[in-house]
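Quick notes on the structure that follows.
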Amino acid sequence: MQNTKDGLRRATHIFEAAVWHYAVLVTCRCGHSAKFHAASLWWRFERKGWNDSFRDATRHFWCRQCAARIGRRVQPLRLETVAWEKGVIELEMPDEREWKRAMRRFRT
1 MQNTKDGLRR ATHIFEAAVW HYAVLVTCRC GHSAKFHAAS LWWRFERKGW NDSFRDATRH
61 FWCRQCAARI GRRVQPLRLE TVAWEKGVIE LEMPDEREWK RAMRRFRT
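Structure, rendered in structure tokens:
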């Protein structure tokens with residue numbers, strides 16, 4: 001977690017975005033973007049054993065449009081938090097027990 005100059009907190013990990021009810025916006029160099037439900041995205045990273053920091057998470061995303069056009073996977077330009085809204089991509093959600101266990105670890 002980082003604080004901005006205004007004193008507002010800024011998520012630096014996918015789990016922090018999930019706790020604060022944000023969505024994660026993945027943006028490619030070509031301008032294509034996708035919004036993911038942060039809790040389901042965190043659960044995918046947790047199960048795979050991947051680091052969920054925004055800096056390291058970019059390695060696990062690639063743009064389908066660029067891949068079709070260029071013929072190889074292109075990593076996104078950035079990951080950022082945005083307000084959650086209907087229509088975000090939802091992957092498999094963690095069960096309630098796992099989510100509460102992670103929340104306890106986060107609060108301590």
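Anchor point for the sequence shown: position 26 equals 26 in full-length UniProt numbering, and the numbering is continuous, going up by one each time.
Glycine included, C-beta positions come from ideal geometry on N, C-alpha and C.
Since we're looking at a predicted model, the values are computed, not measured.
Beta strand (DSSP E) segment containing residue i, residue limits
| i | result |
| --- | --- |
| V24 | Y22 to T27 |
Backbone secondary structure at residue i - three-state DSSP
| i | result |
| --- | --- |
| E80 | strand |
| G34 | The amino acid at residue 34 is misidentified as Gly; the sequence shows Ala. DSSP places A34 in strand when its eight states are reduced to three. |
| R72 | coil |
Exposed unless 16 or more other CB atoms sit within 10 angstroms - verdict on residue i
| i | result |
| --- | --- |
| F106 | exposed |
| A23 | buried |
| H13 | buried |
| E98 | exposed |
| A68 | exposed |
| E16 | buried |
| A11 | buried |
| L91 | exposed |
| A57 | buried |
Check: residue i C-beta below 8 Å from any heavy atom of the ligand MN
| i | result |
| --- | --- |
| Y22 | Annotation note on the ligand MN: not contained in the displayed structure, which lists no ligands. |
Spatially closest choice to residue i from the options, by CA coordinates
| i | options | result |
| --- | --- | --- |
| E80 | W43, D95, S53 and C66 | S53 |
| G87 | W20, I14, A34 and R73 | A34 |
| I89 | S40, F36 and R47 | F36 |
| A18 | C30, A39, W50 and V26 | A39 |
| P94 | R78, E85, R64 and F45 | F45 |
| R59 | R47, I70, R78 and G71 | R78 |
| L25 | P76, A102, E96 and K100 | P76 |
| K100 | H32, W43, G31 and R9 | W43 |
Element boundaries [alpha helix (DSSP H), containing residue i]
| i | result |
| --- | --- |
| I14 | I14 to V19 |
| K86 | First-last for K86: undefined, no H or E at that position. |
| A57 | F54 to A57 |
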